[in-house]
Amino acid sequence: MTRQGRIYDITRPLAPGGIVYPGDIVPRFRQLDNGTYLITDMRMSTHSGTHIDAPSHYLEAGLAVDQIPFASLMGWCRVLDVRNTENEITASDLAGRLEGADKVLLKTSFSEKLDFEEGYPALTPEAAGLLSSRGMTCIGTDAPSIEGFRGNGDVHRTLLSRGMVIIELLDLHRIEQGDYWMIALPLLLPGLDGSPCRVLLFEGWDGNGSHS
C-alpha cells in the first residue's frame with residue numbers, strides 16, 4: 401500500500417513451468433553455490449514471461465526496446481474487461497470504451513490460465529486498426545500474444561507501425577476494470593526486439609503523489 405492507494409504487480413513469474421509461446425525458448429535457470437555466495441545462470445528469450453514487444457520485433461526500421469520513450473511505458477492506462485469475448489476481440493468490443501485513454505490493457509478470458517492454448521483471445525485486424533487510429537502509445541494483454549495464434553503478423557505491424565508498445569502475458573486476474581497509473585520497465589537491452597519486464601499498476605495515484 402501507498403498513502404494514495406494500492407500497488408498491483410501485474411507481472412507473471414518468470415520461472416520454470418511458465419507459459420511459453422510455441423517455438424520460443426523454454427526459460428532455464430541453474431543456480432550455483434560457490435560456498436560464500438549464490439549465482440544463477442539464465443537462458444531465456446527476449447519474449448519470455450511478461451514482456452514488451454518493441455517496434456523492431458516486426459518492423460525492420462522500428463525502434464529497439466532500449467529506444468522506446470518512457471512516456472510510452474509510464475502514465476495513465478485503462479484496464480478493459482473483455483472476458484465476454486471468445487477468441488476474437490473485435491472493434492465493436494472496444495468501441496465507446498476508449499475515450500480519453502492513452503494506454504489500454506485487455507483483461508481476457510485467458511486470465512489465471514497456466515497453460516498455453518491456441519484459442520487465446522486476440523485482436524482482430526479491425527480492432528488493431530481502431531486502436532492505432534486513436535494515437536495510443538501502449539496496448540497490453542494478459543494473453544500470450546496480442547495477435548491470434550494463426551495470425552500473419554498484420555496485427556503486430558498495424559500497432560507497432562504507429563509507434564505503439566505491446567505488452568503481452570500480463571497477470572490481470574485481480575484487477576478491476578478502470579483507470580490506473582502504470583509503470584512497465586524493460587531491461588536495458590541495446591538494439592534488441594523486446595524484453596521481459598516488470599509491470600506495476602498504482603490505484604488512485606498519478607505519479608506525482610496526487611490522487612486521480
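The sequence shown begins at 401 in our numbering and counts up by one.
Ideal Cβ positions, reconstructed from N, Cα and C, are used throughout, including at glycine.
Below 8 Å on the Cβ atoms is my contact criterion, and I expect residue i with residue j to pass it. Report the Cβ-Cβ distance as a whole number of Å.
i    : j    : result
L592 : T446 : 5 Å
E421 : S545 : The amino acid occupying residue 421 in the given sequence is Tyr; Glu does not appear at that position. Contact flag correct, Cβ pair sits at about 7 Å.
L569 : H457 : Not confirmed; about 14 Å, so no contact.
D502 : M536 : 6 Å
Give a yes or no on whether the C-beta atoms belonging to residue i and residue j are separated by under 7 Å.
i    : j    : result
P455 : L560 : yes
A528 : T558 : yes
D571 : I410 : yes
V565 : S472 : yes
T524 : E488 : yes
H573 : E512 : yes
I need the straight-line Cα distance from residue i to residue j, nearest angstrom please.
i    : j    : result
A415 : S533 : 36 Å
R430 : M444 : 12 Å
H556 : R406 : 32 Å
M401 : E460 : Below a pLDDT of 50, predicted positions are generally treated as unreliable, and M401, at 41, falls in that range; the measurement from the model is reported next regardless. Cα-Cα distance, rounded: 42 Å.
V526 : D554 : Checking the sequence, you will find Glu at residue 526 rather than Val. If I take the Cα positions, the gap works out to 10 Å.
G548 : I439 : 38 Å
R497 : L480 : 8 Å
P586 : C597 : 4 Å
E499 : Y520 : 26 Å
P590 : I419 : 26 Å
S595 : I567 : 10 Å
V482 : A522 : 10 Å
D441 : I425 : 15 Å
V432 : R412 : Here residue 432 is Leu; the residue named in the question, Val, does not match the sequence. Taking the straight line joining both Cα atoms gives about 24 Å.
L463 : G435 : 43 Å
R478 : Y437 : 43 Å
N552 : A584 : 27 Å
Exercise for the section: Check whether the segment 595-602 touches the segment 485-503, counting contact only when three or more Cβ pairs, one atom from each stretch, lie closer than 8 Å. Expected result: no
Exercise for the section: Taking 8 Å as the threshold, find out whether the segment 497-514 comes into contact with the segment 538-547 through three or more Cβ pairs. Expected result: yes
Problem - Residue ranges of each beta strand (DSSP E) within the segment 521-552, 3 or longer - result: 538-541
Handout entry: Three CB pairs or more closer than 8 Å across the segment 459-470 and the segment 572-581
Key = no
Exercise for the section: Run through the segment 433-470 for me and flag every whole beta strand (DSSP E) of 3 or more residues, listed as ranges in chain order. Expected result: 438-443, 451-453
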